[in-house]
Amino acid sequence: MNAHDSEKVIGTLLSQGYTQVAKPDEADLVLYNTCSIRDKAEQKVFHRLQEFKRHNRGKVFGVLGCVAQQEGERIFERAPHVSLVAGSASYAKLPEMLVQLESGNRRVTGLSLDNDQAFETPFTRRDNPHRAYITIIEGCDKSCAYCVVPFTRGPERSRTSESVLREARELARMGYIEIQLLGQNVNSYRDPSPAGWDFARLLRAMGEVDGIRRVRFTTSHPRDFVKEIIDAIDDNPVLCNHVHLPVQSGSSRVLARMQRLYTRDEYMRRIDWMKQARRNISITTDIIVGFPGETEEDFEQTLALLDEVEYDSLFGFKYSRRPNTAALDIADHISEEEKIRRLAIVQEKQRAIQIRRNSDLVGTVEETFVEGYNHATGQWIGRTSQNRTLNFVHPHVAGPRDGATLSGANLAGANLAGANLAGTSWSVRVTRAGPNSLAGEAVI
Ligand code: 5AD
Ligand code: SF4
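Sequential numbering from 306 applies to the sequence shown in the numbering used here.
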């Protein structure tokens, strides 16, 4: 989501006549887009700002994103060389703020959260030529006890389905083949226009956009995750068979204290829907270890859940105290050493699960979209619908020549020597499996 925010900011500034430089050293204006989901990310921002200042006097500095929203004007005290502080709900006003800076104003802020519109800009400068992000909903109305997001990104605002689809068609026209729908909680998407579509309906419509060959979405909250989403995926192969469904903990007691609004059983019901689907749906998750009051027994339940679900991948985090959040008031904070220990156990268990699950795929043929070429290994870098990395060799194309691109050519049998396969798709037979990726060869 942050990466896409940066794309929107860059596009907006380019449209105002700014130019982007390759390295921060070359810039007159340096904008830091920041994350405050965990304390470590936040500390990094101040460290970098300090580091960078030493060699770069005379530049104008701005801090964007969640740390900006959370710390507000305190940033000017901690880092006096910063002149602009703006949270994501204010990005539409960035051009105005920059005009204020240019006219000599030393301290400019954009911290209001009362923006009833999702930030939308036609100028987004996208980093990836084949895959594009589309924000469908901003902010979050949940109040998970550990999470700072509702404070930094404000309340939920959905975009109209018409505006989302217009952007998708435009992207297809520009040659994008894959779209990733974004929101803190895409499942609570609700079309503000009279059509009143829910997320499953929007997903179905996205799967029908001409030219778009893959649609992904992230992130889902289990409470709002309905069976219609699985039905939509089952009905249309354009909708990728991957669902990221953060569970956070396998203990209903901890889930209640986290204010996650579901029990372990309710979560498992959603997992069962996916396991019973016609398509083979890959399931990934987020886990927090060491939430205040998490006992050894609670933790064991998380480990048992990992065995039961057998996730294809997971992001594991040590609980981190965040300002304003309800969990700060819970007693029994867990020691750092214990959190480190629990996280290591989660990761070790998950690694074994992934080795097993990935090796089950050896011998299968997967449709793989090419993202680039790895000169060091001599493999094309690919991704399956399930969001697995599948790197492969191609019998006729040993690597791209500079500037060579392919578009819509008749790939089978064509003379492909030196072609760049990025943006094309191939059937790839999996020949090897590791914990985090697969390797294979194109089936021609
Ligand atoms: N501490 C640790 N992990 C957190 N996450 C969110 N807030 C915290 C926190 N305070 C994790 C959750 C969420 C992911 C994006 O980040 O697992 O799903
Ligand atoms: Fe944070 Fe919970 Fe909202 Fe996700 S659903 S952004 S974890 S408050």
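Backbone N, C-alpha and C fix where the C-beta goes; we use that ideal spot for every residue, glycine too.
Here's the rule: buried if 16 or more other CB atoms are within 10 angstroms of the residue's CB, otherwise exposed. What is residue i?
{"i": "threonine 669", "result": "exposed"}
{"i": "aspartate 432", "result": "exposed"}
{"i": "aspartate 515", "result": "exposed"}
{"i": "histidine 547", "result": "buried"}
{"i": "leucine 726", "result": "buried"}
{"i": "asparagine 715", "result": "Unreliable placement is indicated for asparagine 715, whose pLDDT of 45 sits below 50; no coordinate value is reported for it."}
{"i": "isoleucine 588", "result": "buried"}
{"i": "leucine 487", "result": "buried"}
{"i": "aspartate 637", "result": "exposed"}
{"i": "histidine 701", "result": "exposed"}
{"i": "threonine 457", "result": "buried"}
{"i": "leucine 403", "result": "buried"}
{"i": "glutamine 325", "result": "exposed"}
{"i": "arginine 569", "result": "buried"}
Give every residue of the same chain whose Cβ lies closer than 6 Å to the Cβ of residue i, excluding the five residues on either side of it in the sequence, and list them in chain order.
{"i": "glutamate 259", "result": "Not covered by the structure: residue 259. The range shown for the chain is 306 to 749."}
{"i": "alanine 582", "result": "Ile535, Asp539"}
{"i": "glutamine 485", "result": "Tyr438, Arg521"}
{"i": "histidine 526", "result": "Asn490, Asn492"}
{"i": "aspartate 577", "result": "none"}
{"i": "leucine 751", "result": "Limits of the chain in this structure are 306 at one end and 749 at the other, which puts residue 751 out of reach."}
{"i": "serine 463", "result": "Ile442, Tyr494, Arg495, Pro497"}
{"i": "leucine 566", "result": "Arg528"}
{"i": "threonine 523", "result": "His549"}
{"i": "tyrosine 678", "result": "Trp685, Gly704, Pro705"}
{"i": "glutamate 472", "result": "Ile439"}
{"i": "arginine 436", "result": "Glu483"}
With a cut-off of 8 Å on the beta carbons, I'd call residue i and residue j a contact; round off their distance for me.
{"i": "asparagine 760", "j": "glycine 739", "result": "For the chain, the structure presents residues 306 to 749; residue 760 sits outside this window and is missing."}
{"i": "threonine 451", "j": "tyrosine 624", "result": "Note on residue identity: the sequence assigns tyrosine, not threonine, to residue 451. With a Cβ gap of about 6 Å, tyrosine 451 and tyrosine 624 count as contacting."}
{"i": "alanine 561", "j": "alanine 537", "result": "Rounded, the Cβ-Cβ distance is 31 Å, inconsistent with contact."}
{"i": "valine 675", "j": "glycine 728", "result": "7 Å"}
{"i": "glutamate 483", "j": "arginine 528", "result": "Actually they are not in contact, since the Cβ atoms of glutamate 483 and arginine 528 sit about 28 Å apart, beyond 8 Å."}
{"i": "serine 388", "j": "arginine 412", "result": "6 Å"}
{"i": "isoleucine 645", "j": "glycine 598", "result": "With a Cβ gap of about 18 Å, isoleucine 645 and glycine 598 do not count as contacting."}
{"i": "valine 469", "j": "leucine 507", "result": "7 Å"}
{"i": "glycine 512", "j": "leucine 544", "result": "5 Å"}
{"i": "aspartate 603", "j": "arginine 647", "result": "Going by Cβ atoms, the distance from aspartate 603 to arginine 647 rounds to 10 Å, so no, they are not a contact pair."}
{"i": "histidine 502", "j": "serine 466", "result": "Looking at the sequence provided, one finds tryptophan at residue 502 rather than histidine. The Cβ separation is near 5 Å, so the contact holds."}
Residue i: beta carbon under 6 Å from a heavy atom of the ligand FMN?
{"i": "cysteine 545", "result": "The model depicted lacks the ligand FMN and carries the ligand 5AD and the ligand SF4 instead."}
Please determine, among the options, the residue with the shortest C-alpha to C-alpha distance to residue i.
{"i": "alanine 649", "options": "Ile592, Phe674, Ile686, Glu672", "result": "Ile592"}
{"i": "alanine 288", "options": "Val594, Gly367, His638", "result": "Look at the range of the chain in this structure, 306 to 749, and you will see that residue 288 is not part of it."}
{"i": "aspartate 612", "options": "Ser690, Gln659, Leu399", "result": "Gln659"}
{"i": "arginine 574", "options": "Leu610, Phe381, Tyr396", "result": "Leu610"}
{"i": "arginine 343", "options": "Glu382, Lys358, Pro527, Arg627", "result": "Arg627"}
{"i": "asparagine 410", "options": "Glu401, Leu418, Cys545", "result": "Glu401"}
{"i": "glutamine 652", "options": "Gly677, His699, Thr590, Gln348", "result": "Thr590"}
{"i": "arginine 359", "options": "Asp496, Ala384, Gln375, Ala346", "result": "Ala384"}
{"i": "isoleucine 380", "options": "Phe351, Arg362, Gln405", "result": "Phe351"}
{"i": "cysteine 445", "options": "His435, Pro460, Val453, Arg436", "result": "Pro460"}
{"i": "asparagine 420", "options": "Lys313, Leu403, Ala397, His309", "result": "Ala397"}
{"i": "lysine 532", "options": "Lys580, Gly677, Ala477, Val543", "result": "Lys580"}
{"i": "glycine 293", "options": "Leu334, Arg436, Ile645, Glu356", "result": "The shown model of the chain, from 306 to 749, leaves out residue 293, and the question about it has no answer."}
{"i": "methionine 479", "options": "Thr429, Leu508, Asn692", "result": "Thr429"}
{"i": "alanine 622", "options": "Glu641, Glu356, Leu319, Thr324", "result": "The residue asked about is misnamed: residue 622 is phenylalanine in this sequence, not alanine. Selected option, being the one with the closest Cα: Glu641."}
{"i": "threonine 607", "options": "Lys654, Asn585, Ile639", "result": "Lys654"}
{"i": "asparagine 692", "options": "Val390, Phe357, Thr317, Ile586", "result": "Ile586"}
{"i": "valine 365", "options": "Gln405, Lys345, Ala327", "result": "Gln405"}
{"i": "leucine 354", "options": "Gln325, Thr324, Val390", "result": "Val390"}
{"i": "glutamate 601", "options": "Val453, Ile639, Lys345, Asn541", "result": "Ile639"}
{"i": "proline 434", "options": "Ser408, Leu619, Glu312", "result": "Glu312"}
{"i": "proline 427", "options": "Leu318, Ile517, Ala327, Ala500", "result": "Leu318"}
{"i": "phenylalanine 620", "options": "Asp665, Arg656, Glu605", "result": "Arg656"}
{"i": "glutamate 605", "options": "Arg584, Ser556, Tyr616", "result": "Ser556"}
{"i": "aspartate 665", "options": "Asp617, His680, His699", "result": "Asp617"}
{"i": "alanine 542", "options": "Arg569, Leu336, Arg509", "result": "Inspection of the sequence shows that residue 542 is occupied by proline rather than by alanine. Of the listed residues, the one whose Cα sits closest to proline 542 is Arg509."}
Using a Cβ-Cβ cut-off of 7 Å (strictly less than) and excluding sequence neighbours within five positions of residue i, which residues of its own chain qualify?
{"i": "asparagine 307", "result": "Asn338, Cys340, Gly370"}
{"i": "asparagine 361", "result": "Asp330"}
{"i": "glutamate 347", "result": "Ser341, Val372"}
{"i": "arginine 474", "result": "Val514"}
{"i": "glutamine 321", "result": "Pro400"}
{"i": "histidine 309", "result": "Tyr438, Thr440, Leu487"}
{"i": "leucine 290", "result": "Since the first residue of the chain shown is 306 and the last is 749, residue 290 is not available in this structure."}
Output needed for residue i: all residues of its chain with C-beta closer than 8 Å, excluding positions within five of it in sequence on either side, in chain order.
{"i": "serine 448", "result": "Pro455, Gln564, Ala631"}
{"i": "leucine 695", "result": "Glu671, Thr673, Gly687, Arg688, Thr689, Val733, Val735, Ser742, Leu743, Ala744, Gly745"}
{"i": "valine 748", "result": "Val670, Trp731, Ser732, Val733, Arg734"}
{"i": "glutamate 643", "result": "Gly595"}
{"i": "valine 453", "result": "Ser341, Ile342, Cys371, Gln375, Arg627, Pro628, Asn629, Thr630"}
{"i": "glycine 713", "result": "With a pLDDT of 46 at glycine 713, under the threshold of 50, the modelled position of this residue cannot be trusted; read the value that follows with caution. Around glycine 713: no qualifying Cβ."}
Neighbourhood of the ligand 5AD [Cβ distance below 6 Å to any heavy atom], ordered by chain position: So the residues near the ligand 5AD by this Cβ test are Ile342, Arg343, Tyr451, Cys452, Pro551, Gln553, Asp591, Ile593, Phe622, Tyr624, Ser625, Arg627.
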